[in-house]
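Heads up: the structure comes next, in structure tokens.
Protein chains: 2
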Amino acid sequence: MATMRDVAALANVSAKTVSRVFNDDPHVSPETAERVQAALRQLNYVPNTLATTFRAGRAPVIGVAVPDIADPFFGFIAKGADALAAQNNLSVVIASLGEDPDREPGIVESLLRQTLSGLIIAPVSHDHAYLKPWSDRTPLVFVDRPPMRLSADCFIEDDHQGAYTATQHLVQHGHSRIGFIGDDASIPTTRGRLEGYRTALEDSGIDYDDRLVSLGVRDRGGAAEALAILQRLEVTPTALFSSNARVTMSLVPMLQGLGLAVTAFGDFPLADTLSPALTVIDQDPVTLGTLAAQRILDRLERPRRRYRRRTVLPVELVERRSCYIAGRLDQQRNHEVVPVAG
Amino acid sequence: MATMRDVAALANVSAKTVSRVFNDDPHVSPETAERVQAALRQLNYVPNTLATTFRAGRAPVIGVAVPDIADPFFGFIAKGADALAAQNNLSVVIASLGEDPDREPGIVESLLRQTLSGLIIAPVSHDHAYLKPWSDRTPLVFVDRPPMRLSADCFIEDDHQGAYTATQHLVQHGHSRIGFIGDDASIPTTRGRLEGYRTALEDSGIDYDDRLVSLGVRDRGGAAEALAILQRLEVTPTALFSSNARVTMSLVPMLQGLGLAVTAFGDFPLADTLSPALTVIDQDPVTLGTLAAQRILDRLERPRRRYRRRTVLPVELVERRSCYIAGRLDQQRNHEVVPVAG
DNA sequence: TTGTAAGCGTTATCAC
DNA sequence: GTGATAACGCTTACAA
Numbered sequence: 001m002a003t004m005r006d007v008a009a010l011a012n013v014s015a016k017t018v019s020r021v022f023n024d025d026p027h028v029s030p031e032t033a034e035r036v037q038a039a040l041r042q043l044n045y046v047p048n049t050l051a052t053t054f055r056a057g058r059a060p061v062i063g064v065a066v067p068d069i070a071d072p073f074f075g076f077i078a079k080g081a082d083a084l085a086a087q088n089n090l091s092v093v094i095a096s097l098g099e100d101p102d103r104e105p106g107i108v109e110s111l112l113r114q115t116l117s118g119l120i121i122a123p124v125s126h127d128h129a130y131l132k133p134w135s136d137r138t139p140l141v142f143v144d145r146p147p148m149r150l151s152a153d154c155f156i157e158d159d160h161q162g163a164y165t166a167t168q169h170l171v172q173h174g175h176s177r178i179g180f181i182g183d184d185a186s187i188p189t190t191r192g193r194l195e196g197y198r199t200a201l202e203d204s205g206i207d208y209d210d211r212l213v214s215l216g217v218r219d220r221g222g223a224a225e226a227l228a229i230l231q232r233l234e235v236t237p238t239a240l241f242s243s244n245a246r247v248t249m250s251l252v253p254m255l256q257g258l259g260l261a262v263t264a265f266g267d268f269p270l271a272d273t274l275s276p277a278l279t280v281i282d283q284d285p286v287t288l289g290t291l292a293a294q295r296i297l298d299r300l301e302r303p304r305r306r307y308r309r310r311t312v313l314p315v316e317l318v319e320r321r322s323c324y325i326a327g328r329l330d331q332q333r334n335h336e337v338v339p340v341a342g
Numbered sequence: 343m344a345t346m347r348d349v350a351a352l353a354n355v356s357a358k359t360v361s362r363v364f365n366d367d368p369h370v371s372p373e374t375a376e377r378v379q380a381a382l383r384q385l386n387y388v389p390n391t392l393a394t395t396f397r398a399g400r401a402p403v404i405g406v407a408v409p410d411i412a413d414p415f416f417g418f419i420a421k422g423a424d425a426l427a428a429q430n431n432l433s434v435v436i437a438s439l440g441e442d443p444d445r446e447p448g449i450v451e452s453l454l455r456q457t458l459s460g461l462i463i464a465p466v467s468h469d470h471a472y473l474k475p476w477s478d479r480t481p482l483v484f485v486d487r488p489p490m491r492l493s494a495d496c497f498i499e500d501d502h503q504g505a506y507t508a509t510q511h512l513v514q515h516g517h518s519r520i521g522f523i524g525d526d527a528s529i530p531t532t533r534g535r536l537e538g539y540r541t542a543l544e545d546s547g548i549d550y551d552d553r554l555v556s557l558g559v560r561d562r563g564g565a566a567e568a569l570a571i572l573q574r575l576e577v578t579p580t581a582l583f584s585s586n587a588r589v590t591m592s593l594v595p596m597l598q599g600l601g602l603a604v605t606a607f608g609d610f611p612l613a614d615t616l617s618p619a620l621t622v623i624d625q626d627p628v629t630l631g632t633l634a635a636q637r638i639l640d641r642l643e644r645p646r647r648r649y650r651r652r653t654v655l656p657v658e659l660v661e662r663r664s665c666y667i668a669g670r671l672d673q674q675r676n677h678e679v680v681p682v683a684g
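Sequence lines, in order, name chains A and B.
Number 77 in the working numbering belongs to position 77 of the first sequence; there are no gaps in the numbering.
Just remember that the working numbering sits 342 ahead of the position in the second sequence, which is counted from 1.
Below, the structure written as structure tokens:
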């Protein structure tokens, strides 16, 4: 790999002049420039980004740390960030944080040590104070989940509103025994959604019953267990609200034939093609990623400006068919009615 | 951010001694070491990875370039690579290449300029000669799609075998008019699968009919068009083979009520939960990513060793229900038969 | 055991 | 308009 020195030697100029030509500095005579250009081409010069970066003190790289890069929700966040970064000649480093909160600081700090231009993080830990020392040097933007014990920019969805809407929707369809299936209650989104669910019930005059709330679901096995427990209640639920896309994707396969109405937080590929098509609260992870990347660019450009710390994106209900299922109790009633009607 | 010099000043030693202590070099007296440790802690020293990297001439980073990071197939490749990289204190940079072959070289070279430790690429272009100059410096590993006009390591799936099996499976279920739905024929995987499809037909004594082959499907609209064309043939197909997961995900929603049997190359989340559950050729993208990352580590460790250039991973049929659908013609026959049978 | 000098490739500063 | 010099933070080679 040819360096600037090599090019300089070939063109009979100093390295600095090569640098000037390469960076389109006008203070070079046309003849010199031409000679240097020729040498550049001849040696097939490619700049060593690392050296430039090192000198500049900042890598043209945005870090993206998410719980699981193979989860389409986070994949779309990364895609949104990547698209905007690429437009600005930045690249994106991605790290999967996994499930273990204790491993997060190590993973994230090893990212940060690369003198990133900024970090977008959907954290799995519950204490982000370890990022304090980094926050002066590097723009930090939280997505999907807000920072805890740390002040930083964040872009999150309206968990409360979305869960409220989804739950209310089930109530409007005649359900009053509505189960809540979620993952870890320590995740802020899950807590916000549980709150929204609870508020919706109370606003509809339905008592909150914590036996209907099943947390900790991570996979199909967990979903099956959760369902089994719900089915053993004296009064079983006729509908379920699933608190995120991953839970929903574990839950749906276990649901066949149970006749439960469902609404779910988070759309995902083919949710509209399942039988029945799922009524969901649609989030927009690409926008989340794009906004986060934009904020990093803004902060790099105008460090002194003040920005809104917390941006809550609205979410909206996409009605499909899964909310129309009459639950078991309703079905029994229907069975009594149907013969009369025809 | 404190540098080694700062720590050195505080501990009254040279920067080199700090370096020794930090890197656990035994040639330091215990007292000195302790003093340096204290200073290290006091200043909260964090190494600047960029500087280390710059000096070493190689970033502890593996690049992953894929067509679309939000596509679960490539997400899983990235996840596999990331998991192995993380175990070896490497991180992973991801770039989305998009659809345009012409943009690939620019994106990839800007990645490579960062003096990566290695690059894993699922290319979208058809000429990888531009990577030749890089291949001496940086281990390049192709995944999913082989290199063209370039010699490099690659890990791919057995496209021919998988497509052959899937097609044959449909034949065994009584189909002889089998459509092929695929994306861009310039993608090697698609071509390999088309070959496999064709061979399977011929081995079964079924004439290949290119009117049954529909390429260029990228989204639901394209899938709908492709289906419309097939439906207009004098003799319509009774079954379809879909050549990759993305095509399948576009195709399945358009298929409702058409009564076509289906097998598809590539499993994806919830393929088993659709109605009917999809019979697929299962690939293993996580393994693909893991093997690719492992190869990079191996090449870094033992540059002189010789490695097998091309590794073809077997794929296997996962039989579910979608292959059991009797196509239209068969259904008509059935309709004639059913009254007799019951 | 510890320190000095030099350099990785690039660019800012300041001479000429 | 052009070039010598130094510097970014760290580590290797070589001295002391």
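Even for Gly, the Cβ is constructed at its ideal location relative to N, Cα and C.
Residue span of the alpha helix (DSSP H) that contains residue i, given as start and end
{"i": "residue 75 of chain A", "result": "72-87"}
{"i": "residue 643 of chain B", "result": "627-643"}
{"i": "residue 160 of chain A", "result": "159-172"}
Alpha carbon of residue i to alpha carbon of residue j, nearest angstrom
{"i": "residue 180 of chain A", "j": "residue 366 of chain B", "result": "52 Å"}
{"i": "residue 402 of chain B", "j": "residue 472 of chain B", "result": "23 Å"}
{"i": "residue 81 of chain A", "j": "residue 93 of chain A", "result": "10 Å"}
{"i": "residue 610 of chain B", "j": "residue 623 of chain B", "result": "10 Å"}
{"i": "residue 595 of chain B", "j": "residue 390 of chain B", "result": "51 Å"}
{"i": "residue 671 of chain B", "j": "residue 561 of chain B", "result": "Caution applies to residue 671 of chain B, whose pLDDT of 41 falls short of 50 and renders its modelled position unreliable; the value that the coordinates give is listed next. The alpha-carbon atoms of residue 671 of chain B and residue 561 of chain B are separated by roughly 28 Å."}
{"i": "residue 106 of chain A", "j": "residue 428 of chain B", "result": "11 Å"}
{"i": "residue 14 of chain A", "j": "residue 20 of chain A", "result": "10 Å"}
{"i": "residue 603 of chain B", "j": "residue 156 of chain A", "result": "42 Å"}
{"i": "residue 372 of chain B", "j": "residue 50 of chain A", "result": "36 Å"}
{"i": "residue 172 of chain A", "j": "residue 279 of chain A", "result": "14 Å"}
{"i": "residue 639 of chain B", "j": "residue 418 of chain B", "result": "19 Å"}
{"i": "residue 44 of chain A", "j": "residue 479 of chain B", "result": "15 Å"}
{"i": "residue 245 of chain A", "j": "residue 412 of chain B", "result": "15 Å"}
{"i": "residue 400 of chain B", "j": "residue 456 of chain B", "result": "8 Å"}
{"i": "residue 325 of chain A", "j": "residue 259 of chain A", "result": "7 Å"}
{"i": "residue 559 of chain B", "j": "residue 208 of chain A", "result": "48 Å"}
{"i": "residue 643 of chain B", "j": "residue 294 of chain A", "result": "39 Å"}
{"i": "residue 590 of chain B", "j": "residue 570 of chain B", "result": "16 Å"}
{"i": "residue 315 of chain A", "j": "residue 283 of chain A", "result": "6 Å"}
{"i": "residue 35 of chain A", "j": "residue 22 of chain A", "result": "12 Å"}
{"i": "residue 582 of chain B", "j": "residue 517 of chain B", "result": "10 Å"}
{"i": "residue 2 of chain A", "j": "residue 17 of chain A", "result": "16 Å"}
{"i": "residue 546 of chain B", "j": "residue 501 of chain B", "result": "19 Å"}
Option nearest residue i by Cα separation, candidates the options
{"i": "residue 349 of chain B", "options": "B:520, B:380, B:392", "result": "B:380"}
{"i": "residue 200 of chain A", "options": "A:220, A:183, A:170, A:12", "result": "A:170"}
{"i": "residue 163 of chain A", "options": "A:243, A:288, A:102, A:41", "result": "A:243"}
{"i": "residue 688 of chain B", "options": "B:651, B:525, B:657, B:527", "result": "In the structure displayed, chain B extends from 343 to 684; residue 688 of chain B sits before or after that span and is not available."}
{"i": "residue 182 of chain A", "options": "A:57, A:265, A:312, A:88", "result": "A:265"}
{"i": "residue 234 of chain A", "options": "A:255, A:212, A:225", "result": "A:212"}
{"i": "residue 90 of chain A", "options": "A:53, A:124, A:113, A:121", "result": "A:53"}
{"i": "residue 273 of chain A", "options": "A:320, A:292, A:216, A:287", "result": "A:320"}
{"i": "residue 132 of chain A", "options": "A:112, A:323, A:311, A:250", "result": "A:112"}
{"i": "residue 236 of chain A", "options": "A:41, A:40, A:178", "result": "A:178"}
Run of the beta strand (DSSP E) containing residue i, from where it starts to where it stops
{"i": "residue 95 of chain A", "result": "91-96"}
{"i": "residue 296 of chain B", "result": "In the structure displayed, chain B extends from 343 to 684; residue 296 of chain B sits before or after that span and is not available."}
{"i": "residue 652 of chain B", "result": "652-655"}
{"i": "residue 660 of chain B", "result": "658-660"}
Residues of the region 239-261 of chain A with a CB closer than 7 Å to any CB of chain B: list them in chain order, please. 249, 252, 253
Which residues, in order along the region 285-303 of chain A, keep a beta-carbon less than 7 Å from a beta-carbon of chain B? none
If we require 3 or more residues per run, which beta strand (DSSP E) segments fall completely within the region 181-266 of chain A? 239-242, 261-265
May I ask you to list, following chain order, the residues of the region 608-620 of chain B that have a beta carbon less than 9 Å from some beta carbon of chain A? 610, 611, 612, 613, 614, 615, 616, 617
With a floor of 4 residues, list each alpha helix (DSSP H) that falls wholly inside the region 22-72 of chain A, ordered by position along the chain. 30-43, 49-56
Unbroken alpha helix (DSSP H) runs of length 4 or more, entirely within the region 101-157 of chain A: which are they? 104-112, 132-135
Chain B contacts from the region 117-146 of chain A (Cβ-Cβ distance under 8 Å): 133, 137
Please name the residues in the region 360-377 of chain B whose beta-carbon is closer than 7 Å to at least one beta-carbon of chain A, in chain order. none
Taking a cut of 9 Å between CB atoms, which residues from the region 538-570 of chain B lie near chain A? none
If contact means a Cβ-Cβ distance below 8 Å, which residues of the region 434-460 of chain B contact chain A? 434, 435, 436, 437, 438, 449, 451, 452, 453, 455, 456, 457
Residues of the region 41-52 of chain A in Cβ contact with chain B at a cutoff of 8 Å, in chain order, please. 44, 46, 47, 48, 49, 50, 51
Contact set between the region 508-528 of chain B and chain A, restricted to residues whose Cβ is under 7 Å from the partner: none
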